[in-house]
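Chemist:
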Amino acid sequence: MFENIIAIVNEVADLLKLDKTAREYLLTPKRVVKVSFPVRMDSGRIRRFEGYRVLFNDALGPGKGGIRFSESVGEDEVKTLAFLMVIKNALMGLPYGGAKGGVRCDPKQLSTGELERTAREYVRYLHTYIGEDLDIPAPDLGTDPRIIAWMLDEYIKITNRYAFGTFTGKPPLLGGSKTREIATGLGGYFIFEKAIEEFGLEVEEIAVQGIGNVGGSFVKIAYEHDKKIVAVSDTSCTIYNENGLEVEEVLDYKRKNGRLAGFPGGKELPSDYILKLDVDVLVPAAVENVITEENWKDIKAKLILELANGPTRITVDGKLREKGIVVVPDVLANAGGVVVSYLEWVQNRMGYRWEEEEVRSKLRRIISRAFGEVVAKSEEKRIDLRRGSYLLAVSRVMEAATLKGEI
Numbered sequence: 428m429f430e431n432i433i434a435i436v437n438e439v440a441d442l443l444k445l446d447k448t449a450r451e452y453l454l455t456p457k458r459v460v461k462v463s464f465p466v467r468m469d470s471g472r473i474r475r476f477e478g479y480r481v482l483f484n485d486a487l488g489p490g491k492g493g494i495r496f497s498e499s500v501g502e503d504e505v506k507t508l509a510f511l512m513v514i515k516n517a518l519m520g521l522p523y524g525g526a527k528g529g530v531r532c533d534p535k536q537l538s539t540g541e542l543e544r545t546a547r548e549y550v551r552y553l554h555t556y557i558g559e560d561l562d563i564p565a566p567d568l569g570t571d572p573r574i575i576a577w578m579l580d581e582y583i584k585i586t587n588r589y590a591f592g593t594f595t596g597k598p599p600l601l602g603g604s605k606t607r608e609i610a611t612g613l614g615g616y617f618i619f620e621k622a623i624e625e626f627g628l629e630v631e632e633i634a635v636q637g638i639g640n641v642g643g644s645f646v647k648i649a650y651e652h653d654k655k656i657v658a659v660s661d662t663s664c665t666i667y668n669e670n671g672l673e674v675e676e677v678l679d680y681k682r683k684n685g686r687l688a689g690f691p692g693g694k695e696l697p698s699d700y701i702l703k704l705d706v707d708v709l710v711p712a713a714v715e716n717v718i719t720e721e722n723w724k725d726i727k728a729k730l731i732l733e734l735a736n737g738p739t740r741i742t743v744d745g746k747l748r749e750k751g752i753v754v755v756p757d758v759l760a761n762a763g764g765v766v767v768s769y770l771e772w773v774q775n776r777m778g779y780r781w782e783e784e785e786v787r788s789k790l791r792r793i794i795s796r797a798f799g800e801v802v803a804k805s806e807e808k809r810i811d812l813r814r815g816s817y818l819l820a821v822s823r824v825m826e827a828a829t830l831k832g833e834i
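Residue numbers for the sequence shown follow my numbering, beginning at 428 and rising by one.
1. Looking at the secondary structure, which residues open and close the alpha helix (DSSP H) in which GLY614 lies?
2. What is the DSSP secondary structure of THR539, reduced to helix, strand or coil?
3. Identify whether VAL500 lies in helix, strand or coil by the three-state DSSP scheme.
4. Going by DSSP in three states, PRO691 sits in which element: helix, strand or coil?
5. Taking the alpha helix (DSSP H) that ALA713 belongs to, which residues open and close that run?
6. Any idea if ASN587 is buried or exposed, counting beta-carbon neighbours within 10 angstroms, 16 or more meaning buried?
7. Taking one C-beta from the stretch 448 to 462 and one from the stretch 474 to 481 each time, how about it: are there three or more such pairs within less than 8 Å?
8. For PHE626, count the other beta carbons within 10 Å of its own beta carbon; 16 or more makes it buried, fewer makes it exposed. Which is it?
9. Locate the beta strand (DSSP E) running through SER660, then write down its first and last residues.
10. On the DSSP bridge assignment, give the partners of ILE473 in chain order.
11. From which residue to which residue does the beta strand (DSSP E) around LEU384 run?
12. Measuring straight from C-alpha to C-alpha, what distance separates SER805 and SER816?
13. Where do the N-terminal and C-terminal ends of the beta strand (DSSP E) with TYR667 fall, by residue?
14. Going residue by residue through the stretch 541 to 619, where are the continuous alpha helix (DSSP H) segments of at least 4 residues, counting only ones entirely within it?
15. Taking the alpha helix (DSSP H) that GLU807 belongs to, which residues open and close that run?
16. What residues are listed by DSSP as bridge partners for VAL481?
17. What residues in its chain sit with their C-beta under 6 Å from that of GLY569, if we drop five residues either side in the sequence?
18. Ordered along the chain, which non-local residues of its own chain (more than five positions away) have a Cβ less than 7 Å from that of GLU720?
This is how it looks when you write it as structure tokens:
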């Protein structure tokens, strides 16, 4: 994914006429911390885990980004995701830099006790690098509010400070937001509404690739707004029903069975066939690099809403644009999670709680404003929405860095 990022940053740097020093500043992380820590397993044996925390850039404020527990976690992955947070936070106008962290493990293979000990040990090793004014973690792949609650508790014990704003994505009773778990999908839906309005698209049928937390939240919200979801997919298959799927039944089946294969309410097709369906909107909400040089010609949707990170190879952006397909990039479409995290952090700093409807209203306002800014910049420079997003974000980071004398 980082090759995609370097390519886009260089394109944007050309537009901004940035020199070599400025480009190196943009693409070099400020701090990379790697640790190896011991955790006692239920069996009594000691197992060591690799942990990471990367602060890529803090020109606009303290670091902000999730902590993931996954076997894919490594320095390159964490650095890439930390850079994406730099772009998202700057694009949304949030007072944050970009960061990311993780532990290399398979959380499904750990007991509850082993998960808790891993989470707490991670904080013991990295607590000096996080804080509500320094670097603010949140849940990500393989982590959830319960794990964040353990991390917060450990941080409070170590620092002797009830600094609830050090972590976001917490359980509501510990200062979290009820909207946080659906925030990325909800923000994506708000962007979807703005996109079909802005580009005058008539939308009848929607297909969503991946119905985990983000994709699942999006399909549920869209369904509640009377949108027709004709297809969903996971790694086992695509489920298609031209008359529209009963979304609650699909999500319930997935929860109970762990996979979509065998769902009786639609036609079962190969997993990647969802990309070829003749629908109005395609929502990649699973993994990176699913729309490539090999399959872009198969795309029939009018709108691609990127809820996953990096689902489209940037080398096909121009080809999709020539076909008249609007691509709403990941850094814009899936930024709802970090916006609600910001609102949670603000409430924690104030010692105050907003009602859920007020949080949703603020999310809609922030993300809609960002969409309008991206459209305006893209039209001004005659570039697509992805490059418009990066151009806005990079220019803000560079202006802040220049004002602070960092470059």
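Backbone N, C-alpha and C define an ideal beta-carbon position, used for all residues, glycine too.
Modeler: In short, the structure shows the following:
1. Counting from 1 along the sequence shown, the entry for residue 614 is found at position 187. Where GLY614 is concerned, the enclosing alpha helix (DSSP H) stretches over 610 to 625.
2. To locate residue 539, count along the sequence shown from 1; it is residue 112. Helix, per DSSP.
3. Residue mapping note: residue 500 aligns to position 73 of the sequence shown, counting from 1. Reduced to three states, the DSSP call for VAL500 is coil.
4. As a position in the sequence shown, residue 691 is number 264, starting the count at 1. In this structure, PRO691 counts as coil in the three-state DSSP scheme.
5. Within the sequence shown, the letter at position 286 stands for residue 713. Careful: ALA713 lies outside any alpha helix (DSSP H) and carries neither H nor E.
6. The count along the sequence shown starts at 1 and reaches residue 587 at position 160. Per the 10 Å Cβ criterion, exposed.
7. yes
8. Within the sequence shown, numbered from 1, the residue matching residue 626 stands at position 199. Exposed is the call here.
9. In the sequence shown, residue 660 corresponds to position 233, counting from 1. Segment 655 to 660, the beta strand (DSSP E) holding SER660.
10. Residue numbering aside, residue 473 sits at position 46 when the sequence shown is read from its first letter. According to DSSP, which records beta bridges pairwise, ILE473 is partnered with ARG467.
11. The chain is shown only over 428 to 834; residue 384 falls outside these bounds and no answer can be derived.
12. Here the question's residue 805 lines up with position 378 in the sequence shown. Here the question's residue 816 lines up with position 389 in the sequence shown. Rounded to whole angstroms, SER805 to SER816 spans 8 Å at the Cα level.
13. If you number the sequence shown from 1, residue 667 lands on position 240. It spans 665 to 667 - the beta strand (DSSP E) in which TYR667 sits, taken as one unbroken run.
14. 572 to 586
15. Residue 807 sits at position 380 when you count from the first residue of the sequence shown. Its alpha helix (DSSP H) spans residues 783 to 808.
16. What you label residue 481 is simply residue 54 of the sequence shown in a count that begins at 1. Answer is VAL459, LYS527, bridged to VAL481.
17. Residue 569 sits at position 142 when you count from the first residue of the sequence shown. For GLY569, the CB contacts under 6 Å within the same chain, skipping 5 residues up- and downstream, are ARG495, PHE496, SER497, PRO534 in chain order.
18. Reading the sequence shown from its first residue, position 293 is the one you call residue 720. Within the same chain, GLU720 has close Cβ partners ARG740, THR742, VAL743.
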